[in-house]
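Encoded as structure tokens, the structure appears first; notes follow it.
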RNA sequence: GCGGGUGUAGCUCAACGGUAGAGCGGUAGCCUUCCAAGCUACUUACGAGGGUUCGACUCCCUUCACCCGCUCCA
């Protein structure tokens with residue numbers, strides 16, 4: 003059943019999962035607060051990820067589907083890092099300029115770096131654009147113009163070039179522009195300023211040189227600590243470094259509840275391996291991460307693994323797959339990204355060694371400025387890896403499974419939202435709302451009730467509560483009718499309720515009630531803990 | 001970023017240029033022996049700022065937020 007998004011949003015607010023940030027001042031677009039139950043849910047998502055990916059990983063055995071054994075290590079880096087990190091990584095240029103997008107090729111160009119030439123042919127005057135410069139651009143624009151006007155080599159003189167290369171910034175009407183990778187006219191969008199990184203000041207004086215940025219991704223903290231982790235832990239390639247933490251992007255249009263937020267939490271792994279085995283590792287991580295969401299309850303028909311088309315790949319990527327979920331706020335048939343698994347080659351480590359890289363043909367080379375020096379220099383540190391066994395030195399290739407904790411949490415909430423009918427006290431079916439959360443994710447694992455507030459039942463129930471409390475999140479409630487208390491727990495996804503009744507006073511057994519099936523069974527009160535633990539661990 | 005719509009109690013919804021009301025919920029008490037029962041009492045709101053007016057939740061302007069469509073989405 004498809005959840006209505008507004009119902010889920012209302013429930014999240016009503017029961018304390020999610021609130022708008024700064025709500026009493028009217029809210030702030032793109033920022034959200036997790037309430038008392040939401041924080042438990044998100045913590046459970048993060049803990050499941052950390053436990054499954056890092057702490058419970060067995061490096062002595064080959065995991066199902068993996069090409070070999072491997073190690074995992076965790077890290078927690080600062081949010082504000084050296085500005086040079088973002089310059090070398092390419093984020094600074096990408097996030098800090100006037101950019102134009104091509105609607106046809108889906109590529110994005112820096113407005114001031116696109117140049118081109120005016121040409122007239124067959125009575126039509128167009129601007130042929132190029133994202134390279136110099137002789138290369140002359141050649142490329144010539145070639146593109148020939149193709150556009152459908153000319154053969156011998157007809158080259160039909161092209162009337164008007165002046166030499168000029169910047170795209172001199173062209174007023176983009177309707178006459180043939181984009182660098184486009185086949186039709188007018189595919190470039192108007193130039194737009196991109197300040198996608200949040201800027202702040204480190205240092206009390208706050209000059210321009212003190213400008214720093216809140217990280218737009220956690221990944222770079224891992225790359226710049228690659229050598230530190232190698233040197234301090236005795237890990238050997240292949241191994242992965244995991245990190246969870248907040249990232250910040252000044253999104254232009256935050257939309258769809260928490261799906262696209264300006265402050266969000268990532269769960270990222272950078273997995274370092276030998277270039278030769280990297281395709282197998284890529285496949286392993288892609289499949290493993292997909293299975294992870296399935297194992298926590300996302301339904302197969304709403305979750306998909308989508309390999310990117312070749313044209314869709316980033317300039318550095320050898321292969322990328324998205325794990326996507328059919329969120330209820332999307333049109334039918336559309337999916338939203340939960341996680342991207344990317345084969346990034348040696349792009350990241352090389353960037354931090356040599357400086358910002360750009361693609362030239364099939365190769366990645368250091369981008370140069372007008373004087374022929376690196377546009378953004380790297381650290382100059384040797385981040386290559388020496389394999390003691392094979393005596394081989396190489397820059398490891400990287401597989402990056404990068405997940406959004408808030409997006410995963412939202413997907414689990416959407417998936418969990420259910421309505422059915424349960425009989426009321428007269429046996430008449432009434433509507434019931436319940437969150438069918440996986441027990442690992444449920445904010446409250448069990449609720450304990452006395453059936454009625456007398457005859458010594460509250461005392462027994464409180465005893466059970468006290469016994470369970472050190473081991474799991476437990477909720478105690480003795481107010482009102484028991485049916486109402488069940489419904490309240492259903493609405494926040496509590497998998498089990500324990501009820502102390504008159505029979506408890508006779509033989510010590512209590513009723514355990516299941517959220518999804520409404521089934522009830524009896525367990526001795528002293529065995530509650532063990533019984534619940536085995537049920538919750540599945 | 002553009003266009004359209006919506007903002008009243010925790011939620012769902014009324015009303016009116018002149019004292020803002022209901023249902024559900026919540027709290028407390030009574031009562032209740034397994035799926036939102038009943039009774040009593042209490043609780044809480046006009047998104048924000050400005051203007052018009054004797055008086056604005058209502059009319060006007062600005063702004064903020066949310067929803068829908070387009071655009072965009074490392």
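In this note's numbering, the protein residues as written are 3 to 540. Quick reminder that beta carbons are idealized off the backbone N, C-alpha and C, glycines included.
#### Entry: Cα-Cα separation, residue 8 to residue 464
37 Å
### Host beta strand (DSSP E) of residue 499 (start-end)
498 to 502
### Task
Please find out if some non-hydrogen atom of the ligand MN comes closer than 7 Å to the beta-carbon of residue 269.
Among the ligands in the structure shown, none appear at all, so the ligand MN cannot be discussed.
### Task
State yes or no: is the C-beta of residue 194 within less than 8 Å of the C-beta of residue 100?
yes
### Message
Quick check: the segment 392 to 403 against the segment 332 to 348, are at least 3 beta-carbon pairs closer than 8 Å?
### Response
yes
### Task
Give the DSSP-derived three-state secondary structure of residue 252 in the structure shown.
coil
### Task
Please report how far the alpha carbon of residue 128 lies from the alpha carbon of residue 356, in whole angstroms.
39 Å
### Query
Could you give the distance in angstroms between the alpha-carbon of residue 151 and the alpha-carbon of residue 124?
8 Å
### Query
Using DSSP with H/G/I as helix, E/B as strand and the rest coil, what is residue 189?
coil
### Task
Within 10 angstroms of the Cβ of residue 12, are there 16 or more other Cβ atoms? Answer buried if so, exposed if not.
exposed
### Query
Would residue 425 be called buried (16 or more neighbouring beta carbons within 10 Å of its own) or exposed?
exposed
### Task
Can you grab the Cα-Cα spacing for the pair residue 367 / residue 376, in whole Å?
10 Å
### Query
Is DSSP giving residue 144 helix, strand or coil here?
helix
### Task
Figure out for me which residue from 307, 269, 480, 48 has the closest Cα to the Cα of residue 325.
307
### For residue 74 and residue 61, the rounded distance between their alpha carbons
8 Å
### Message
Tell me the rounded alpha-carbon separation between residue 371 and residue 297.
### Response
49 Å
#### Entry: Residues that residue 529 bridges to, as DSSP identifies them
Paired residue(s): none; residue 529 is not in a bridge.
### Task
Find out if the Cβ-Cβ distance for the pair residue 121, residue 170 is shorter than 8 Å.
no
### Coil, strand or helix - residue 460 by DSSP
helix
### Query
How big is the Cα-Cα spacing for residue 294 and residue 189?
40 Å
### Task
Between the Cα of residue 304 and those of 292, 327, 282, 172, spot the shortest distance and give me the residue it belongs to.
327
### Task
Taking residue 55 and residue 243 to be in contact with their CB atoms under 8 Å, please state how far apart those CB atoms are, rounded to whole angstroms.
So it is not a contact: roughly 11 Å between Cβ atoms.
### Query
Cβ of residue 450 within 8 Å of Cβ of residue 478?
yes
### Query
Are at least three pairs of beta-carbons, each pair with one atom in the segment 212 to 229 and one in the segment 39 to 57, less than 8 Å apart?
no
#### Entry: Beta carbon of residue 413 nearer than 8 Å to that of residue 300
yes
### Query
Among the residues of its own chain, which have a CB less than 6 Å from the CB of residue 439, if the five just before and after it don't count?
418, 495
#### Entry: Nearest-angstrom Cα separation, counted from residue 358 out to residue 374
13 Å
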